[in-house]
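Participant: Before I ask anything, here is the structure I am working with.
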Amino acid sequence: MPGPGAYLFGDEERKEVLDVLETGYLSRYGQESDPRFKHKVVTLEQEFAKKIGVKHALATNGGTSSIMAALVALGVGRGDEVIVPGYTFVASISAVIAIGGTPILAEVDESLTMDPSDIEGRISKRTKAIMPVHMLGNPSDIERIMAVARKHKIPVLEDACQSLGASYKGKMTGSYGAINAFSLNINKTITTGDAGMVTTDSDELYERAFGYHDQGHKPLRMGLEIGARSLVGINLRINELTDAVGLAQLRKLDTILALLRDKKRKFKEAIVAGGIRNMGYRTINDPGEIATMLTVLFPDEAATRKVAAALNVKTVADSGWHVYNHMEQILSWQDEQGRRPNRKNMLTKTDAILCRAVNLSVGVVDPGIGANFGITVLSTDEEIARKAEEFVKKVKPIVG
3 MPGPGAYLFG DEERKEVLDV LETGYLSRYG QESDPRFKHK VVTLEQEFAK KIGVKHALAT
63 NGGTSSIMAA LVALGVGRGD EVIVPGYTFV ASISAVIAIG GTPILAEVDE SLTMDPSDIE
123 GRISKRTKAI MPVHMLGNPS DIERIMAVAR KHKIPVLEDA CQSLGASYKG KMTGSYGAIN
183 AFSLNINKTI TTGDAGMVTT DSDELYERAF GYHDQGHKPL RMGLEIGARS LVGINLRINE
243 LTDAVGLAQL RKLDTILALL RDKKRKFKEA IVAGGIRNMG YRTINDPGEI ATMLTVLFPD
303 EAATRKVAAA LNVKTVADSG WHVYNHMEQI LSWQDEQGRR PNRKNMLTKT DAILCRAVNL
363 SVGVVDPGIG ANFGITVLST DEEIARKAEE FVKKVKPIVG
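In the numbering used here, the protein residues as written are 3 to 402.
Right, dumping it as structure tokens:
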């Protein structure tokens, strides 16, 4: 069930890893004067920051770690509320709980990203951050979200874990928020197996995020610091081998995006040519989406379930830990006052949209999000045409 980067793993990644293995120097820290130290982590951070268009990037051991470090950098702690969409991977929500905060779930619209019109009603005096999620590679309507955030003087933390390479009005996701988080796991645009990134233009937020990820140390320490630690941190560090892979993958990002966008265009055009009447597509907030998924919408839940059965997939509403209704550990969680802020079927608009949606794979093949029918980043034109024909043949008799 890999994402597109995993399909394109090759000699470039092997070369970067062997460069590290030949010296045996695996720690992210070292002196540049030491010929054994290949500084893959620092180099990846620098190239990642440049790609996103921000001042700082911090490599961590996972997307969840990146969200946690970003939340701590913003000062989110016990009792503070963070607004998160109800359709996202569970880590967006569990990370808030893990650092002592309270997740407040918000509706999504037909883009399957946070509904900007629903945010204001979720804001309270305890709201410390708003966390839009660029879900399935589709940028959130980030300008409208930022406008609400500015009005209430609340920082935005972009969860860009699924959108590396996406842009909104010419600016990369992960560069709008005060601080932002990415994932490089096996299902993402590029992959190291598991890793993450934090991005920000703020020196202060970068220092705080860095400190949390490395026992409170200031950025880029080269040895043991005594008395210089900035806050209580934990160990979320990454190593040279992992980010050696990430470095090679990042340098393939533009190629991956071009392939995804070309193949999605061909796949969608072939399906549209099939003339299915009672079917639409999710709203794409900006053409800069990364095109890892083609999400189709049907008139009602009954028709959608029949389509899903015909394709041997699940509706988005029935898929796994991306739908809040299936996050039993989140729904049963109680805050320090013994209250359960979230409950099943609380987001009626989200529920109504997700039960009419089916995900078709383009670059991410993942049954966990219902995306095990479709194409991959390596699909030929013939395979794309064949899959589109199969889709039309199975779906048209159901919805017309």
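All C-beta atoms, glycine included, are put in the ideal place defined by N, C-alpha and C.
None of these values were measured; they are calculated from a predicted model.
Within its chain, find whatever has a CB closer than 6 Å to the CB of Arg279; leave out the 5 residues flanking it on each side and keep chain order.
Facilitator: Indexing the sequence shown from 1 puts residue 279 at position 277. Closer than 6 Å at the Cβ level, and outside the excluded window around Arg279, lie Gly402.
Participant: Inspect the CB distances between the stretch 365-379 and the stretch 306-325 and report whether three or more fall short of 8 Å.
Facilitator: Touching, yes, given that three or more Cβ pairs across the two stretches are closer than 8 Å.
Participant: Less than 8 Å between the beta carbons of Val135 and Pro105, yes or no?
Facilitator: On the sequence shown, residue 135 is found 133 positions in, with the first residue counted as 1. On the sequence shown, residue 105 is found 103 positions in, with the first residue counted as 1. Not a contact, by the Cβ cut-off of 8 Å.
Participant: How big is the Cα-Cα spacing for Leu28 and Leu252?
Facilitator: Within the sequence shown, residue 28 is the residue found at index 26, counting from 1. Within the sequence shown, residue 252 is the residue found at index 250, counting from 1. Taking the straight line from one Cα to the other gives about 20 Å.
Participant: Along the beta strand (DSSP E) that carries Thr129, what are the first and last residues, could you check?
Facilitator: The residue given as residue 129 occupies position 127 in the sequence shown. First-last of the beta strand (DSSP E) with Thr129: 129-132.
Participant: For Thr202, count neighbouring Cβ atoms within 10 angstroms of its own Cβ and tell me buried if that reaches 16, exposed if not.
Facilitator: Your numbering for residue 202 matches position 200 in the sequence shown. When all chains shown are included, Thr202 counts as buried.
Participant: Check each candidate in Leu333, Glu391, His328 and name the one with the smallest Cα separation from Lys268.
Facilitator: Here residue 268 refers to the residue found at position 266 when the sequence shown is read from its first residue. Ranking Leu333, Glu391, His328 by Cα distance to Lys268 puts Glu391 first.
Participant: How big is the Cα-Cα spacing for Arg358 and Met329?
Facilitator: Within the sequence shown, numbered from 1, the residue matching residue 358 stands at position 356. Within the sequence shown, numbered from 1, the residue matching residue 329 stands at position 327. Each residue's Cα considered, the two are about 20 Å apart.
Participant: Taking the alpha carbon of Pro6 as the reference point, which residue from Phe393, Val367, Ile400 has its own alpha carbon closest?
Facilitator: As a position in the sequence shown, residue 6 is number 4, starting the count at 1. Ranking Phe393, Val367, Ile400 by Cα distance to Pro6 puts Val367 first.
Participant: Measure the alpha-carbon distance for Thr413 versus Thr25 and round it to whole angstroms.
Facilitator: Here the chain covers residues 3 to 402 and nothing more, so residue 413 does not appear.
Participant: Just verifying my parser: in three-state terms, what is the DSSP assignment at Gly414?
Facilitator: The chain is shown only over 3 to 402; residue 414 falls outside these bounds and no answer can be derived.
Participant: Taking DSSP's pairing of strands, which residues face Thr201 in a bridge?
Facilitator: Mapped onto the sequence shown, residue 201 falls at position 199. Per DSSP, Ala59, Asn182.
Participant: Quick one: measure Cβ to Cβ for Lys130 and Leu207, integer angstroms, because I've assumed they're closer than 8 Å.
Facilitator: One-based indexing of the sequence shown puts residue 130 at position 128. One-based indexing of the sequence shown puts residue 207 at position 205. Going by Cβ atoms, the distance from Lys130 to Leu207 rounds to 13 Å, so no, they are not a contact pair.
Participant: What are the boundary residues of the beta strand (DSSP E) that Ser363 is part of?
Facilitator: For the purposes of this step, residue 363 is identified with residue 361 of the sequence shown, where counting begins at 1. First-last of the beta strand (DSSP E) with Ser363: 359-363.
Participant: If you run the structure through DSSP and keep just helix, strand and coil, what is Gly7?
Facilitator: The residue you call residue 7 lines up with position 5 of the sequence shown. Here Gly7 sits in helix by DSSP.
Participant: Give me the DSSP bridge partner(s) of Asn187.
Facilitator: As a first step, residue 187 must be located in the sequence shown, where it is residue number 185. Partner(s): Gly195.
Participant: Can you tell me whether Ile371 is helix, strand or coil according to DSSP?
Facilitator: Here the question's residue 371 lines up with position 369 in the sequence shown. Ile371: helix per DSSP, three-state reduction.
Participant: Can you give me the Cβ contacts of Ser185 inside the same chain, cut-off strictly under 6 Å, excluding the 5 residues immediately before and after it?
Facilitator: On the sequence shown, residue 185 is found 183 positions in, with the first residue counted as 1. Result list for Ser185: Gly65, Cys163, Gly198, in chain order.
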